[in-house]
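Chemist: Sending over a structure as structure tokens; questions will come in a sec.
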Amino acid sequence: MSAPAPPTPAPGAISEFFWSGARRGQLMIQRCQACGTYIHLPRPVCRACHSFDLLGEPVSGRGSLYSFTETHRPFHPFFVDRVPYLVAVVELEEQAGLRVLTNLVRVAEADVRIGMAVQVEFERLSDDLTIPVFAPAVAA
Ligand SMILES: [Zn+2]
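With the sequence shown counted from 1, adding 1 to any position gets you the numbering used here.
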């Protein structure tokens, strides 16, 4: 029996850079070219200065854990073999309050600490879909 396909987002023009970046192994976040504010989720207009001049830019992929929860119930057949898994909110180092909803990997729930340093990794789920996930940062 083949595994069920993952639920796959259908990116519009406004978020395509995020998914194509992930396929290349690069975390891309929308940034206002007028005032420098990073914006996530992508929007048509900068909420700081109302500019329409917004582009996806690569970011470091480093951040800290803002919040998390452990999911035990699969909400889609794809997740049946994956539960339990950790859903996390990561605040990226580029800007206070710049937060990404993601998965936390390679750490047990009991070892997770709010504020812990994390770094992006990429998990390829299908030919078309690679998602950014975060793991505990490895000390340099
Ligand atoms: Zn702006």
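Glycine included, C-beta positions come from ideal geometry on N, C-alpha and C.
Valine 60 and glutamate 95 look like a contact to me (Cβ under 8 Å); what is the Cβ gap, rounded to whole Å?
Modeler: The residue you call residue 60 lines up with position 59 of the sequence shown. The residue you call residue 95 lines up with position 94 of the sequence shown. Yes, valine 60 and glutamate 95 are in contact; Cβ-Cβ is about 5 Å, under 8 Å.
Chemist: Using 8 Å for Cβ pairs, my map puts leucine 66 next to valine 119. What's the rounded Cβ distance?
Modeler: Here residue 66 corresponds to residue number 65 of the sequence shown, with the count starting at 1. Here residue 119 corresponds to residue number 118 of the sequence shown, with the count starting at 1. So it is a contact: roughly 6 Å between Cβ atoms.
Chemist: With distances taken from each beta carbon to the nearest heavy atom of ligand 1, which residues come in below 5 Å, in chain order?
Modeler: Going by the Cβ distance cut-off, the answer is Cys33, Ala35, Cys36, Thr38, Cys47, Ala49, Cys50, Ser52.
Chemist: Less than 7 Å separating the beta-carbons of proline 7 and leucine 130?
Modeler: For the purposes of this step, residue 7 is taken as the residue at position 6 of the sequence shown. For the purposes of this step, residue 130 is taken as the residue at position 129 of the sequence shown. Contact flag set, yes.
Chemist: Look at valine 113 and phenylalanine 80 and say whether their C-beta atoms are less than 7 Å apart.
Modeler: By 1-based counting over the sequence shown, the position of residue 113 is 112. By 1-based counting over the sequence shown, the position of residue 80 is 79. The answer is no: Cβ separation not under 7 Å.
Chemist: Touch check for the segment 27-47 and the segment 103-113: three-plus C-beta pairs under 8 Å?
Modeler: No: fewer than three Cβ pairs fall under 8 Å.
Chemist: Cβ of methionine 29 within 7 Å of Cβ of glycine 22?
Modeler: For the purposes of this step, residue 29 is identified with residue 28 of the sequence shown, where counting begins at 1. For the purposes of this step, residue 22 is identified with residue 21 of the sequence shown, where counting begins at 1. Contact: yes.
Chemist: Applying the criterion that 16 or more other CB atoms from any shown protein chain within 10 Å of the CB defines a buried residue, is alanine 97 buried or exposed?
Modeler: In the sequence shown, counting from the first residue as 1, residue 97 sits at position 96. It is exposed - the Cβ of alanine 97 has fewer than 16 other Cβ atoms within 10 Å.
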